[in-house]
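Protein sequences, first through last, are from chains A and W.
So in the numbering used here, spot 162 of the first sequence is number 162, and the numbers just go up one at a time.
Each number in the numbering used here corresponds to the 1-based position in the second sequence with 1000 added.
Note that CB positions come from ideal geometry on N, CA and C, so glycine has one too.
Bear in mind the structure is a predicted one, so any value in this text is a computation, not a measurement.
Structure, as structure tokens:
Protein chains: 2
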Amino acid sequence: MIRELVLKNRSYRRFKQEESISTETLYDLIELARHCASAANLQPLKYIISNTPERNERIFPATSWAGYLEDWNGPEDGERPSAYIIILGDTTISKNFFCDHGIAAQTILLGAVEKGLGGCMIGSIDRDLLRRNFLIDERYEILLVLALGKPAEKIVLEDVGPEESIKYYRDAEGVHHVPKRRLKDIILEI
Amino acid sequence: MIRELVLKNRSYRRFKQEESISTETLYDLIELARHCASAANLQPLKYIISNTPERNERIFPATSWAGYLEDWNGPEDGERPSAYIIILGDTTISKNFFCDHGIAAQTILLGAVEKGLGGCMIGSIDRDLLRRNFLIDERYEILLVLALGKPAEKIVLEDVGPEESIKYYRDAEGVHHVPKRRLKDIILEI
């Protein structure tokens, strides 16, 4: 069952933008993250939520999408995320966030998938712009933006050999293909 | 349901050591991680598994446990993990692993919980010792050790205020208490 969630939890980049996500849903997802492991239990992560067109428009221009798709600059209006969760690191609590944001982001996205939603972790962020757009204090490091919505694209996984390209691509039908390394290539026999 | 898994997925540090974990189970867990998101889909993570007493004894001395429990140096023989997954970053694929190991580690532990197991992400590692004990090539950065086993301790979560201590502690009955920040203290109202 976790396997189903993990397989369904793809990096979705096109959404049914008109399907809104409630503040309560976003709180539910952060409530999951709140109960996750954190290095030395310091819990330095903070969150900003966004689920209105006005707020979303302050986030979208600060995000970069799907670097390998050279002819695509991100979702068109109508296919954009209906919500976001910005993950920050509070430097007054810790200067090093280790992989806490990965733990939190993955948990949030698995929770989103369970709710029939989907999302994408975006690390390629115009941090200065995003900081200005929300007046984010310098004490917070901007770690990740999670885009969320009702997915409107098909994504398929493919196995890939160690010497082959891991670049995802979109076929003529608009299906998004994601190559993943094989188990035997990622487990070291030592 | 993901909520149940997340709440059950505590950082367990005492186990029923005699209950072994099969290689197949470890493969199943890494199979989950294999399908997770990875920055730019590079998938630089590699894994070493261990589930025999001989191999486990090459890992345990390289791990540090529960920094806040000053009178406890980690699990006694009989309560130690019955398996480990070492997460490495392959520097020939990427020099920066971002939070990929957090994504993978959380997914593996959620999978373990679903199987009736539990574990702990250990970042406090004697990396030189671990490298020597498994002859891990310099091309691999040692990112995390996941300890795994059948949990043999009770862990309870508690809410904590912003000015209170987040240090976990063990009470007179041996119950492990973990303070977690409240939702209202981690969501910024901006």
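Proximity to residue i [Cα-Cα], best of the options
| i | options | result |
| --- | --- | --- |
| Gln43 of chain A | A:His177, A:Leu29 and A:Asn96 | A:Asn96 |
| Pro81 of chain A | A:Ser94, A:Gln106, A:Lys46 and A:Ile122 | A:Ile122 |
| Gly1161 of chain W | W:Ala1152, W:Asp1171, W:Ile1186 and W:Pro1151 | W:Ile1186 |
| Asn1126 of chain W | W:Gly1119, W:Val1145, W:Thr1023 and W:Glu1189 | For the record, residue 1126 of chain W in the displayed sequence is Asp; it is not Asn. Checked all of W:Gly1119, W:Val1145, W:Thr1023 and W:Glu1189; the closest Cα to Asp1126 of chain W is W:Val1145. |
| Ala1172 of chain W | W:Glu1019, W:Leu1069, W:Leu1007 and W:Gly1119 | W:Leu1069 |
| Ala83 of chain A | A:Phe98, A:Asn9 and A:Thr23 | A:Thr23 |
| Leu1216 of chain W | W:Ile1002, W:Ser1011 and W:Met1001 | Outside the shown range of chain W (1001 to 1190) lies residue 1216 of chain W, about which nothing can therefore be said. |
| Glu189 of chain A | W:Leu1157, W:Phe1134 and W:Ile1166 | W:Phe1134 |
| Pro53 of chain A | A:Thr107, A:Ile166 and A:Ile21 | A:Ile21 |
| Ala147 of chain A | A:Ile2, A:Asp100, A:His35 and A:Gln106 | A:Gln106 |
| Gly1119 of chain W | W:Arg1003, W:Ala1066, W:Pro1179 and W:Lys1180 | W:Ala1066 |
| Glu163 of chain A | W:Thr1092, W:Asp1071, W:Met1001 and W:Trp1072 | W:Thr1092 |
Residues near residue i by beta carbon distance below 6 Å, same chain, minus five either side
| i | result |
| --- | --- |
| Gly1078 of chain W | Gln1017 |
| Lys154 of chain A | Val175 |
| Asp1159 of chain W | Arg1182 |
| Tyr169 of chain A | His177 |
| Ile86 of chain A | Ile48 and Val145 |
| Ala62 of chain A | Ile125, Asp126, Leu129 and Leu130 |
| Ser1064 of chain W | Ser1124 |
| Lys8 of chain A | Val113 |
| Ala33 of chain A | Ala104, Thr107 and Ile108 |
| Pro179 of chain A | Glu158, Val160 and Ile166 |
Where the alpha helix (DSSP H) containing residue i begins and where it ends
| i | result |
| --- | --- |
| Val6 of chain A | Ile2 to Lys8 |
| Leu1088 of chain W | From DSSP, Leu1088 of chain W is part of no alpha helix (DSSP H) but of the beta strand (DSSP E) over Ala1083 to Asp1090. |
| Tyr12 of chain A | No alpha helix (DSSP H) contains Tyr12 of chain A, which DSSP labels as neither H nor E. |
| Arg1181 of chain W | Careful: Arg1181 of chain W lies outside any alpha helix (DSSP H), inside the beta strand (DSSP E) at His1176 to Arg1181. |
| Thr107 of chain A | Asp100 to Glu114 |
| Asp1028 of chain W | Thr1023 to Arg1034 |
| Leu130 of chain A | Arg127 to Phe134 |
| Asn56 of chain A | Pro53 to Ile59 |
Beta-carbon neighbours of residue i, restricted to chain W and to distances below 7 Å
| i | result |
| --- | --- |
| Leu129 of chain A | Those within 7 Å of Leu129 of chain A in chain W number zero; the least Cβ separation is about 15 Å. |
| Gly67 of chain A | Ala1040 |
| Tyr27 of chain A | Leu1183 |
| Leu146 of chain A | Neighbours of Leu146 of chain A on chain W: none; closest Cβ ~11 Å, over 7 Å. |
| Gly111 of chain A | Ile1002 |
| Glu31 of chain A | Leu1183 |
Contacts of residue i in chain A (Cβ-Cβ under 8 Å)
| i | result |
| --- | --- |
| Gln1106 of chain W | Cys36, Ala37, Gly102, Ile103, Gln106 and Thr107 |
| Phe1134 of chain W | Ile190 |
Chain-ordered neighbours of residue i on chain A, where CB pairs are closer than 7 Å
| i | result |
| --- | --- |
| Val1178 of chain W | Asn41 |
| Lys1046 of chain W | Ile186 and Leu188 |
| Ile1166 of chain W | Asn41, Leu42 and Gln43 |
| Ile1049 of chain W | Ile187 |
| Leu1157 of chain W | His35 |
N-terminal and C-terminal residue of the beta strand (DSSP E) that residue i is part of
| i | result |
| --- | --- |
| Tyr47 of chain A | Leu45 to Ser50 |
| Ala1147 of chain W | Tyr1140 to Gly1149 |
| Glu158 of chain A | Ile155 to Val160 |
| Gly1078 of chain W | Unbroken run through Gly1078 of chain W: none, as it is neither H nor E. |
| Gly1119 of chain W | Gly1118 to Ile1122 |
Under 9 Å by beta carbon: chain W residues contacting residue i
| i | result |
| --- | --- |
| Gly123 of chain A | Ala1039, Ala1040, Phe1098 and Cys1099 |
| Met11 of chain A | The question names Met, but residue 11 of chain A is Ser in the sequence shown. Correct list: Ala1037 and Asn1041. |
| Glu114 of chain A | Met1001, Ile1002 and Arg1003 |
Beta-carbon contacts of residue i that lie in its chain and below 7 Å, excluding the five residues immediately before and after
| i | result |
| --- | --- |
| Ala37 of chain A | Ile103 |
| Lys1046 of chain W | Leu1088, Asp1090 and Tyr1140 |
| Leu5 of chain A | Leu110, Val113 and Glu114 |
| Ser94 of chain A | Leu42 and Pro44 |
| Ser50 of chain A | Asn56, Ile59, Ala83 and Tyr84 |
| Arg1014 of chain W | Pro1075, Glu1079, Ala1152 and Glu1153 |
| Trp1098 of chain W | The sequence given here places Phe at residue 1098 of chain W; Trp does not occur at that position. Only Ala1039 meet the Cβ criterion. |
| Ile2 of chain A | none |
| Thr1025 of chain W | Lys1115 |
9 Å Cβ cut-off: residues of chain A touching residue i
| i | result |
| --- | --- |
| Arg1058 of chain W | Correct list: empty, because the minimum Cβ distance to chain A is about 11 Å. |
Same chain, Cβ closer than 8 Å to residue i, five either side skipped, listed in chain order
| i | result |
| --- | --- |
| Glu1019 of chain W | Ser1082, Gly1149 and Lys1150 |
| Val1156 of chain W | Val1175, His1176, His1177 and Val1178 |
| Trp1072 of chain W | Trp1065, Ala1066 and Arg1170 |
| His1101 of chain W | Leu1045, Ile1087, Gly1089, Leu1143 and Leu1144 |
Partners in chain W for residue i, counting only beta-carbon separations shorter than 8 Å
| i | result |
| --- | --- |
| Leu7 of chain A | His1035 |
Could you tell me whether the segment 127-142 of chain A touches the segment 1141-1159 of chain W, using the rule of 3 or more Cβ pairs below 8 Å? no
Validate contact between the segment 1065-1081 of chain W and the segment 1027-1047 of chain W using beta carbons, cut 8 Å, 3 pairs: no
Counting Cβ pairs closer than 8 Å, one from the segment 1103-1112 of chain W and one from the segment 1028-1036 of chain W, do we hit at least three? yes
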